[in-house]
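The structure appears below as structure tokens.
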Amino acid sequence: MAAVPSFLFLLIFLSSSPHLSLSLSQEQDALLKLKRSLSPADNPLDNWDPNTSPCNDKWAGIVCNQDVVTGLHFANMGLSGNIDVDALKDIPTLRTINLMNNKFSGPIPDFHKLGVLKSLFLAGNDFSGEIPEDYFSHLTSLKKIYLNGNNFTGKIPESLTQLTKLEELHLESNQFTGPIPKLKPGVLNSLDFSNNKLQGPIPETLSKFDSKAFDGNEGLCGGPLKSSCKPPPTPSSPPPKSPSKSPPESPSTSPPSIPKKKEEDRKSKTIIIVISVIVGIMVLLLLFVLLTKKRRKREDDFNVLGKEQIVDGHRNVQEKVVEVHIPSTTNRSVGSTNESNRSVEVHQSNSRKGGGDSKKGSSQGKNGMNELLMVNEEKGTFGLPDLMKAAAEVLGNGGLGSAYKAVMSNGFSVVVKRMREMNRLGRDGFDAEMRRFGRLSHKNILTPLAYHYRREEKLLISEYIPKGSLLYVLHGDRGISYSELNWPTRLKIVQGIACGMGFIHTEFASYDLPHGNLKSSNILLKEDYEPVLNDYALHPLINPSNAAQSMFAFRTPEYIESQQVSPKADVYCLGIVILEILTGKFPSQYLSNGKGGTDVVQWVQSAMADQREQELLDPEIASETDSVDQMLQLLMVGADCTKSEPEQRLDLSEAIRRIEEVQA
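Numbers -23 to -1, 1 to 641, taken from mature numbering (1 follows the signal peptide of the UniProt record, and there is no 0), label the letters of the sequence shown in order.
In structure tokens, the structure reads:
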């Protein structure tokens, strides 16, 4: 008898939920129709099984919320074909379509039929042709539109002006022509029209955006651009009507006729106008030359001079002489002392002096333009003259700028980072952040020593760590350092990274991204393989338009899906580093185009689903069979940190606890 109520309950449940099974079947059918319209390069949609659920069985590229399909995330899948938009109409919960960096071509698909879309990402394909004027009329819920990197032509659709909720609009690197529509500024906070063929004045409603958003359009003027718009020509007055009757004129005594005189006046005016135009062009050319020289002088502020091959113990490097030229703010007479030629002693100190308020070692100048401001004196004090000429290696270029190793006259080595795109804060705000960094003290954190501020760029100086980055040791020439990366060493590195991240998340708990750029190239290794974290907590300093391009936290699934970041993005980045260390593979997640490397997240998930976890381990450590269980224990932490949904990831404190529990 006990079975009867259970059976009745099952019948009641099934009969009361017809819409659930209908909705699931409808989504499956719609997605399978869509799949048939696509031409995948490497079958990335292979796990779309009609007998499974798109959400519960995690179909590739499908984003779900509470077991309903809300997004298509097909970025970097090598897809092409004619997208069956009518099939997508059967998924009323669809809010996001992401087809970035694929091989689609032809006219823009009929996504305007999907009136509830909130995000449309079509960047990095080969779509072409004109977009109909009324294309966006029924897409009034759209918040994000990314059409950049295609071959669209014609005018920018006027219907974009109807989107009152639009937050981000990227149309750069197309072939759009004509004027820019008068978009409603409202909540619009990210915009890029650069590298098109647009013409005419920039609407006043868009003047708040940086001039870079309009670069590469020779016909644009006004707004944030330096070129002002020419006033429209005034209509010329009609010639006076000649009288109906004119008295006869004597051919020998009459003066020149009135029409002939007007013709001469017109010629004179034309000549004057032509001369004025020529003079104006010459003045503009002169100004252009002067501005170009000035800009080149600024670009040469950190010149790399000379070149000589040397051999380091582990790799070939190019030794170069780096000369830092800081423009003078005052005119000096010939007999005045040239500060750059003075020698400044670098005082080494064994006692910890901390950072904060000292300006020792700085070379003073008007308005602080020539200052190198010390924020931490633990390694002594030094000034700009010590960096004016120093033998140095060019360490490389990253998303945030260039890095150089500079060896000063007393043998002390520093890294000089030349940072651009750091104008989010003014001088005082930037100084406060630098001094806050200078006060940090933790064994797994690289504390900056000094900085130099200029509006165009900043120089950040920190101690040089000889062994280099984790990225180089793992994926470089695989020399002595790589052979020393046994299991205890790798575990030590992971635990040190976790410890440093815990410190950063405590110190910068109020930040959306306490670190924001955790990856193996920003993890330096001391001689004993103790890791130190670099390039942390810079998000508040970086221009918003550049942050997404230069910081790894902006390549997390939630940012790609909905352009949202949070402290959980740091957890995802930590998980990527853990998987990188355990597998020895270079993560494709580090690459902006997704081409190259290994998708460590997908690889790990697939292997775990098939219970092939041990195959994931780097052969260099898998041979240490006594520790395989501990390796898999840490692998699980990495997998739990890289869940696609932020709320499903571990909290950082939980991740740290589990990492510390792993024993070598």
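The C-beta atom is built at its ideal place from N, Cα and C for all residues, glycine as well.
This one's a predicted model, so the numbers in the text were calculated from it and none came from an experiment.
Span separating the alpha-carbon of Arg72 from that of Lys121: 11 Å
Within 10 angstroms of the Cβ of Thr247, are there 16 or more other Cβ atoms? Answer buried if so, exposed if not. exposed
What does DSSP give as the partner residue(s) for Thr154 in the beta ladder? Lys132, Lys174
If you reduce the DSSP assignment to three classes, tell me which class Phe51 lands in. coil
Take Lys142 and list the residues in its own chain whose beta-carbon comes closer than 6 Å to its own, dropping the five residues that flank it on each side. Lys120
Going residue by residue through the stretch 457 to 521, where are the continuous beta strand (DSSP E) segments of at least 3 residues, counting only ones entirely within it? 500 to 502, 508 to 510
Express the C-alpha separation of Glu535 and Glu622 in angstroms, rounding to a whole number. Roughly 7 Å between the two C-alpha positions.
In whole angstroms, what is the alpha-carbon distance linking Lys10 and Leu202? 48 Å
Where are the alpha helix (DSSP H) runs, 4 residues long or more, that stay fully inside the stretch 57 to 126, in chain order? 62 to 65
By Cβ distance below 7 Å, which residues in the same chain neighbour Glu110 in space, the five residues on each side in sequence not counted? Pro134, Glu135, Ser136
Roughly how many whole angstroms lie between the Cα atoms of Asp547 and Leu263? 50 Å
Environment of Ser630 [buried if 16+ CB atoms lie within 10 Å]: exposed
Could you please give me the residues that DSSP links to Asn166 through a beta bridge? According to DSSP, which records beta bridges pairwise, Asn166 is partnered with nothing at all.
Within 8 Å, strictly: CB atoms of residue 642 and Ala427: Not covered by the structure: residue 642. The range shown for the chain is -23 to 641.
Per-residue burial, Asp169 [other beta carbons within 10 Å of its own, 16 or more giving buried]: Counting C-beta atoms within 10 angstroms of its own C-beta, Asp169 has 16 or more neighbours from the protein chains shown and is therefore classed as buried.
Hey, His89 and Tyr123: beta-carbon distance below 8 Å or not? no
Using 8 Å as the Cβ pair cut-off and three pairs as the minimum, do the stretch 473 to 485 and the stretch 428 to 436 touch? The stretch 473 to 485 vs the stretch 428 to 436: no contact.
Quick one: what's His147 bridged to in DSSP? According to DSSP, His147 bridges with Tyr123, Asp169.
Closest by C-alpha distance to Gln540, when choosing among Lys95, Pro84, Gly360, Ser16: Lys95
Would you kindly work out how many angstroms separate the C-alpha atoms of Pro86 and Asn59, rounded to a whole number? Rounded to the nearest angstrom, the gap between the Cα atoms of Pro86 and Asn59 is 8 Å.
Express the C-alpha separation of Arg626 and Lys545 in angstroms, rounding to a whole number. 7 Å
By alpha-carbon positions, which one of Asn387, Asp63, Ser379 ends up nearest to Phe359? Asn387
Pair every Cβ in the stretch 487 to 498 with every Cβ in the stretch 582 to 594, then say whether three or more of these pairs are closer than 8 Å. no
Could you tell me which residues DSSP puts in a beta bridge with His429? Leu436
Secondary structure of Asn523, DSSP reduced to three states: Here Asn523 sits in helix by DSSP.
Please decide whether Leu364 counts as near chain C, where near means a Cβ-Cβ distance under 8 Å. In the displayed structure, chain C is absent; only one protein chain is listed.
Neighbourhood of Pro156 by C-beta distance below 6 Å, restricted to the same chain and skipping five residues each side: Gly177
Can Ile74 and Leu56 be called in contact, C-beta distance under 8 Å? no
In the DSSP output, which residue or residues are listed as bridge partners for Leu627? The partner list for Leu627 (beta bridge, DSSP) is empty, contrary to what the question assumes.
Does the contact criterion of 3 or more C-beta pairs under 8 Å hold for the stretch 590 to 606 versus the stretch 553 to 568? Contact between the stretch 590 to 606 and the stretch 553 to 568 is present, because at least three Cβ pairs lie under 8 Å.
Assuming contact is defined by CB atoms lying nearer than 8 Å, are Ile537 and Ser527 in contact in what I supplied? no
Thinking C-alpha only, which one of Glu107, Lys503, Leu140 is nearest Ser118? Leu140
Beta bridge counterpart(s) of Ile422 as assigned by DSSP: Leu510
Which residues in the same chain as Lys132 place their Cβ atom closer than 6 Å to its Cβ, once the five residues preceding and following it in sequence are excluded? Gly155
Excluding the 5 residues flanking Phe529 on each side, which residues of the same chain have their C-beta closer than 6 Å to its C-beta? Contacts found: Asn494, Lys496, Cys550.
State the Cα-Cα distance for the pair Cys618 and Pro362, rounded to the nearest angstrom. Between Cys618 and Pro362, the C-alpha separation is close to 46 Å.
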